[in-house]
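All remarks here apply to the structure that follows.
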Amino acid sequence: PQNNDKKDEL
Amino acid sequence: MNIFRLAGDMTHLMSVLVLLLKIHTIKSCAGISLKTQELYALVFATRYLDIFTDFISVYNTIMKLIFLGSSFSIVWYMRRHKLVRRSYDKEQDTFRHFFLVLPCLLLALVMNEKFTFKEVMWAFSLYLEAVAILPQLVLLQRTKNIDNLTGQYVFLLGAYRAFYIFNWIYRYFTEPHYVHWITWISGLVQTLLYADFFYYYFNSWKNNVKLHLPA
């Protein structure tokens, strides 16, 4: 599955 | 949000704020590489392109704004402030941006999660962040004696890197499908670049002597 959560990191 | 991630963000934030506060109060940027600071400003500008399009959390947005604001303020101080700019070691800080920016850009064009402008810029920012400290480390080697604040700045940045690695390990085991090769490999490279500096930092701390780097 494609991750959409990566950009919650700085 | 886990404790490692929070600790990583806080040490990262402190590193930038310590530096900005130092420059602001003593009106000096001696020992600080403008090249590294400009690269970090570029890193934040290219990574946070999503700041107005994707809302994640209030925390996330505020942190992004602080990182953008503080990194550009540091560059402004070093380039434009008439007292600060005089203390800049221009002759020693000779690393070319170009040699770091171009390979990172080429790599980002080839290695990205999706071939879109935002994704390429995001990958570019990660690759560039990994190597952006190099001009600073070269400057530290050249000027040899390092004042406490410059040492603390690099130390805090290194701590931020270490906490982020723990954060990735933690998330890998606690969140399903949490796999980010680009972030991990570039993050690991970045952390390794600090290892050498840390070795000397801890030695000088342990022996209670002023930090000196070998030639």
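Residue numbers (my numbering), protein chains in the order written: chain U, -5 to 4; chain G, 610 to 824. Even for Gly, the Cβ is constructed at its ideal location relative to N, Cα and C. Here the structure is a predicted model, which is why all the values come from computation and not from measurement.
How about residue i and residue j: do their beta carbons lie closer than 7 Å?
i: residue 649 of chain G; j: residue 741 of chain G; result: yes
i: residue 781 of chain G; j: residue 787 of chain G; result: yes
i: residue 806 of chain G; j: residue 763 of chain G; result: yes
i: residue 621 of chain G; j: residue 779 of chain G; result: no
i: residue 715 of chain G; j: residue 795 of chain G; result: no
i: residue 618 of chain G; j: residue 4 of chain U; result: yes
i: residue 631 of chain G; j: residue 766 of chain G; result: no
i: residue 711 of chain G; j: residue 755 of chain G; result: no
i: residue 642 of chain G; j: residue 744 of chain G; result: yes
i: residue 673 of chain G; j: residue 660 of chain G; result: yes
i: residue 733 of chain G; j: residue 713 of chain G; result: yes
Using 10 angstroms around the beta-carbon of residue i, count the other beta-carbons present and answer buried if the total reaches 16, otherwise exposed.
i: residue 651 of chain G; result: buried
i: residue 760 of chain G; result: buried
i: residue 671 of chain G; result: exposed
i: residue 612 of chain G; result: exposed
i: residue 615 of chain G; result: exposed
i: residue 668 of chain G; result: exposed
i: residue 610 of chain G; result: exposed
i: residue 784 of chain G; result: exposed
Give me, in chain order, the residues of the same chain whose beta-carbon lies closer than 6 Å to that of residue i; leave out the 5 immediate sequence neighbours on both sides.
i: residue 809 of chain G; result: 822
i: residue 696 of chain G; result: 637, 638, 639
i: residue 709 of chain G; result: 740
i: residue 1 of chain U; result: none
Please list, in chain order, all residues of the same chain as residue i whose beta carbon is under 7 Å from its beta carbon, the five residues on each side excluded.
i: residue 706 of chain G; result: 644, 647, 648
i: residue 752 of chain G; result: 640, 698, 701
Quick one: residues in its chain with C-beta nearer than 8 Å to the C-beta of residue i, no 5 flanking neighbours on either side, listed in chain order?
i: residue -3 of chain U; result: For residue -3 of chain U, the predicted structure reports a pLDDT of 47, less than 50, and the residue's modelled location is therefore unreliable. A value from the coordinates is still provided. Excluding sequence neighbours, residue -3 of chain U sits near nothing in its chain.
Any chance the stretch 653 to 668 of chain G sits against the stretch 621 to 631 of chain G, with 3 or more Cβ pairs inside 8 Å? no
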